[in-house]
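Same order as they appear, the protein sequences are chains U and P.
The numbering used here puts the first residue of the first sequence at 1, with every later residue one more than the last.
The numbering used here puts the first residue of the second sequence at 1, with every later residue one more than the last.
Before any comments, here is the structure.
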Amino acid sequence: MTTNKGLLVVIPAFNEEIVLERTLTALLQEVSVNQVLVVNDGSTDKTSEIVKTKNIQLLELPFNLGVGAAMRAGFQFALENGFEKVIQFDADLQHQPKYIEEIVTQLDNFDVVVGSRFAGKSNYRVSFVRNLAMGLLKDSVSRHIGKKMTDVTSGFRGANSKAIPIFAEKYPSEYLADTVESLILAHDQGLSITEIPVTMQERQGGVPSQNIFRSTLYLFRSLLVIIATLTIRAKKGK
Amino acid sequence: MNNPIIAIVMAAVIIALVLLSIRRGILKEKYAILWLLVALFSSAAVIFPQIVSSVANTLGFRLPSNFLFSIALLIALFLTFLLSTDISKKQRQIENLATELAIIKNKLNNK
């Protein structure tokens, strides 16, 4: 059990009633009950009820806003309640609670810590198109922040007390941009970023988002994100 | 169009529609001004076609109608773009309200 005071694990959840119970149970073996916040992103199922039975903190968004906006709400909550470290955690238990401790430790030295699925020990595989998109994204981001990143779209990440107020105000809400753009934002705001290798678990339920059509769409959105955020922000930074 | 009456009537209808919408409070002045300008310019173009012809000539359009179509298209594009940026801004504001509401609700439940 991690005893880190001031840690808040934020779980954005959109219609996750099937897996949430198991995720929370697994998570609570690692952190205590008042260190978890579920942001119900406009679910129409029993997501909120499950959270309430566990006596876990809950934010209920009135309608679906996307992961980025849900995280922004989480950061605002952390800021208002004096939490010093925030870890974003997936509701479908793809992320493994055992890495939380390492992220927390790294947050003493770095402002933003990303759990990378591709750094070293992982066997995480994605489709060709998605792989291409992810490659483009990570190269662009790596060049921009001047540090080799292996996984810029990972949703398993942490932020410390220097990063929390910035993310609470500006965390991007557009799909895909939330992960990639937030790293650019962090860098441009003078935050330090690092990665730790993590392995993913198979999804425990819910609908996976991988078919050729969506992957292609993903590629196009990636290009758009690169063009929009990187070129413009790079100029602003100079 | 040799007979400007139809066009003038259309412009008048647009102006009436805009004014009525302002009175009912369903149209913000910002957009009202834009639509009024569109209506005024199009009726001016109908009443004084020679101006349109000479401007079209100077700009190198063979037919004045082509010139008018281009202008109309540009204005329509500009207006839709303006609406897109406005919607994006509103989206952001709605998000902020929603997150704030969620946090306030959480506070109330904890009391």
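Just so it is clear, CB atoms sit at the ideal spot from N, CA and C, and this is done for glycine as well.
Here the structure is a predicted model, which means the values were calculated and not measured.
Interface residues of chain P facing residue i [CB-CB closer than 7 Å]
{"i": "Leu20/U", "result": "In chain order: nothing, as chain P lies at least about 17 Å away."}
{"i": "Ala69/U", "result": "Glu95, Thr99"}
{"i": "Glu60/U", "result": "Ala102, Lys105"}
Sheet register partners of residue i (DSSP bridge)
{"i": "Asn160/U", "result": "Note: Asn160/U sits in no beta bridge, so no partner."}
{"i": "Val245/U", "result": "The requested residue 245/U is not part of the displayed model; chain U covers only 1 to 238."}
{"i": "Pro165/U", "result": "In DSSP, Pro165/U forms no bridge with anything."}
{"i": "Asn106/P", "result": "In the DSSP output, where bridge partners are listed per residue, Asn106/P has none listed."}
{"i": "Thr194/U", "result": "Val113/U"}
{"i": "Lys85/U", "result": "Leu7/U"}
Proximal chain P residues relative to residue i, where beta-carbon distance stays under 8 Å
{"i": "Phe63/U", "result": "Ala98"}
Neighbour list for residue i in chain P, Cβ cutoff strictly below 9 Å
{"i": "Ser173/U", "result": "Gln91, Arg92, Glu95"}
{"i": "Gln57/U", "result": "Asn106, Asn110"}
Going along the chain, which unbroken runs of the alpha helix (DSSP H) with 4 or more residues stay wholly within the segment 5–90 of chain P? For secondary structure counted as the alpha helix (DSSP H) over 4 or more consecutive residues, the segment 5–90 of chain P holds these complete runs in sequence order: 5–24, 29–47, 49–59.
Which residues, in chain order, does the segment 94–106 of chain P contribute to contact with chain U at a C-beta distance below 7 Å? For chain U, the residues of the segment 94–106 of chain P that bring a beta carbon within less than 7 Å of one of its beta carbons are Glu95, Ala98, Thr99, Leu101, Ala102, Ile103, Lys105, Asn106, in chain order.
Tell me which residues of the segment 71–104 of chain U have at least one Cβ-Cβ distance to chain P shorter than 8 Å, keeping chain order. Listed by position, the residues of the segment 71–104 of chain U near chain P (Cβ gap below 8 Å) are Arg72, Ala73, Gln76, Phe77, Glu80.
Is the segment 3–22 of chain P touching the segment 162–171 of chain U in the sense that three or more CB pairs, one from each, lie closer than 8 Å? No contact exists between the segment 162–171 of chain U and the segment 3–22 of chain P.
Just checking, does the segment 90–108 of chain U make contact with the segment 17–36 of chain U on the three C-beta pairs under 8 Å criterion? Of all C-beta pairs linking the segment 90–108 of chain U to the segment 17–36 of chain U, three or more are shorter than 8 Å, placing the two stretches in contact.
Does the segment 62–80 of chain U come close enough to the segment 31–45 of chain U to have 3 or more Cβ pairs within less than 8 Å? Three or more Cβ pairs closer than 8 Å define a contact, and the segment 62–80 of chain U meets that threshold against the segment 31–45 of chain U.
Within the segment 13–65 of chain U, ranges of the beta strand (DSSP E) (whole runs, at least 3 residues): Counting only runs that start and end inside the segment 13–65 of chain U, the beta strand (DSSP E) elements of at least 3 residues fall at 36–41, 57–61.
Pairing CB atoms from the segment 44–59 of chain U with CB atoms from the segment 106–122 of chain U, are three or more of them under 8 Å? No, they do not touch.
Report yes or no: do three or more beta-carbon pairs, one from the segment 219–229 of chain U and one from the segment 8–17 of chain P, lie closer than 8 Å? With a cut-off of 8 Å, the segment 8–17 of chain P and the segment 219–229 of chain U do not count as touching, because too few Cβ pairs lie within range.
Using 8 Å as the Cβ pair cut-off and three pairs as the minimum, do the segment 52–68 of chain U and the segment 173–187 of chain U touch? A contact between stretches requires three or more CB pairs, one per stretch, nearer than 8 Å, and the segment 52–68 of chain U meets this requirement with the segment 173–187 of chain U.
Inter-stretch contact at 8 Å, needing at least 3 Cβ pairs: the segment 16–25 of chain P / the segment 46–53 of chain P: With the cut-off at 8 Å, the segment 16–25 of chain P and the segment 46–53 of chain P do not touch.
Would you call the segment 94–108 of chain U and the segment 134–153 of chain U in contact, with 3 or more CB pairs under 8 Å? Using a C-beta cut-off of 8 Å, the segment 94–108 of chain U makes no contact with the segment 134–153 of chain U, since fewer than three inter-stretch Cβ pairs fall below that distance.
Three CB pairs or more closer than 8 Å across the segment 76–87 of chain U and the segment 127–134 of chain U: Not touching, per the Cβ criterion.
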